[in-house]
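2 protein chains.
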Amino acid sequence: MNPVAFFKCLADETRLRSLLLIAHEGELCVCELMEALDQSQPKISRHLAQLRQCELLSDRRQGQWVFYRLNPALPEWARLVMETTLTGNPEFIADNKRALAQMQSRPVRDGHCC
Amino acid sequence: MNPVAFFKCLADETRLRSLLLIAHEGELCVCELMEALDQSQPKISRHLAQLRQCELLSDRRQGQWVFYRLNPALPEWARLVMETTLTGNPEFIADNKRALAQMQSRPVRDGHCC
DNA sequence: TTCATATATTCGATTTTTCATATATCCTGC
DNA sequence: GCAGGATATATGAAAAATCGAATATATGAA
Numbered sequence: 004m005n006p007v008a009f010f011k012c013l014a015d016e017t018r019l020r021s022l023l024l025i026a027h028e029g030e031l032c033v034c035e036l037m038e039a040l041d042q043s044q045p046k047i048s049r050h051l052a053q054l055r056q057c058e059l060l061s062d063r064r065q066g067q068w069v070f071y072r073l074n075p076a077l078p079e080w081a082r083l084v085m086e087t088t089l090t091g092n093p094e095f096i097a098d099n100k101r102a103l104a105q106m107q108s109r110p111v112r113d114g115h116c117c
Numbered sequence: 004m005n006p007v008a009f010f011k012c013l014a015d016e017t018r019l020r021s022l023l024l025i026a027h028e029g030e031l032c033v034c035e036l037m038e039a040l041d042q043s044q045p046k047i048s049r050h051l052a053q054l055r056q057c058e059l060l061s062d063r064r065q066g067q068w069v070f071y072r073l074n075p076a077l078p079e080w081a082r083l084v085m086e087t088t089l090t091g092n093p094e095f096i097a098d099n100k101r102a103l104a105q106m107q108s109r110p111v112r113d114g115h116c117c
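Protein chains in written order, with our numbering: chain A, 4 to 117; chain B, 4 to 117.
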């Protein structure tokens, strides 16, 4: 993982918010990120594709949804950088977390239904 | 310190190398960075000005030289991010450190002469 | 099969970033 | 003050990133 390429990925509002939200929530799909960030579907999708191509995110399809999570193979230092950023700037994604919490009818993950 | 603005600063080869070198060496001037990165003076200078404007670096003039160091007011999380990046990628600036060590007649800091 | 929902991709226009050259400013020694 | 070297800035051209709109693909249900 080239450090410059890594930071280029973080150097965009949409991508950084998506990454930190995913790091915090564990796993999110496109429609959840649309709601949390209040952005169009193509915009979210394009940035996620970029993050997947750089191998920061990995995806898994479940039915009609695609869930994104941090790439398990991510180097330790990269994971630490995101964690440090999140801890040092808790207010940065506060609004996004709130919007996500208020979202109606979020997709149900396998293994989470009753 | 806005996280996105911070990462934009790190998302360039010249700036990231300069930052990490300065973080490692404590203090460097333009001519030392030119030698260490093998880049033109205007290029180095422009990027340093950008880093100073974002308040990642602070400068001090000593005679004809201007020395740059990490801004002492830098938030803890930002300093940690750079440290983590440096520790996790020691080879990234290895060549630059070598070039700097081989540089002839480096400017003498006040208080460092015998 | 057909429809509805979720996600991905392409295209063209706009904005931002980057760079090289040239010019200006500052400092020191004479 | 003046000359020469070191550092800083301005300008315009080239390259890259971003965005919205339109389009395409995939899945599940009827």
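For each residue, glycine too, the CB sits at the ideal point set by N, CA and C.
Of all the options the options, which has the alpha carbon lying nearest to the alpha carbon of residue i?
i               : options                     : result
Q53 of chain A  : A:L83, A:A14, A:C34         : A:A14
C57 of chain A  : A:L73, A:W68, A:R109        : A:L73
D98 of chain A  : A:A76, A:R18, A:A8, A:L24   : A:L24
A104 of chain B : B:A76, B:E28, B:V84, B:T90  : B:E28
L77 of chain A  : A:G91, A:L59, A:Q65         : A:L59
E79 of chain A  : B:E79, B:A81, B:T90         : B:T90
N5 of chain A   : A:A81, A:D113, A:R109       : A:A81
Q67 of chain A  : A:S43, A:R55, A:H50, A:D113 : A:D113
E16 of chain B  : B:S108, B:V111, B:L51       : B:L51
P75 of chain B  : B:R18, B:E30, B:E35         : B:E30
The alpha helix (DSSP H) with residue i in it runs from where to where?
i              : result
S61 of chain A : Looking at the DSSP string, S61 of chain A is not in any alpha helix (DSSP H); the run it does join, the beta strand (DSSP E), is 60–65.
C57 of chain A : From DSSP, C57 of chain A is part of no alpha helix (DSSP H); its letter is neither H nor E.
D98 of chain B : 97–104
M4 of chain A  : It is not in any alpha helix (DSSP H) - M4 of chain A carries neither H nor E in the DSSP assignment.
S21 of chain A : 16–28
E38 of chain A : 33–40
Let's see if you can read the secondary structure: which residues bound the beta strand (DSSP E) around residue i?
i              : result
L77 of chain B : Where L77 of chain B is concerned, there is no enclosing beta strand (DSSP E), given that its DSSP letter is neither H nor E.
Among the residues of its own chain, which have a CB less than 8 Å from the CB of residue i, if the five just before and after it don't count?
i              : result
V69 of chain A : C32, V33, D62, R63
Could you tell me if residue i is buried or exposed, where buried requires 16 or more neighbouring beta carbons within 10 angstroms of its beta carbon?
i               : result
A26 of chain B  : buried
A8 of chain A   : exposed
S43 of chain B  : exposed
S108 of chain A : exposed
Take residue i and list the residues in its own chain whose beta-carbon comes closer than 6 Å to its own, dropping the five residues that flank it on each side.
i              : result
M85 of chain A : A26
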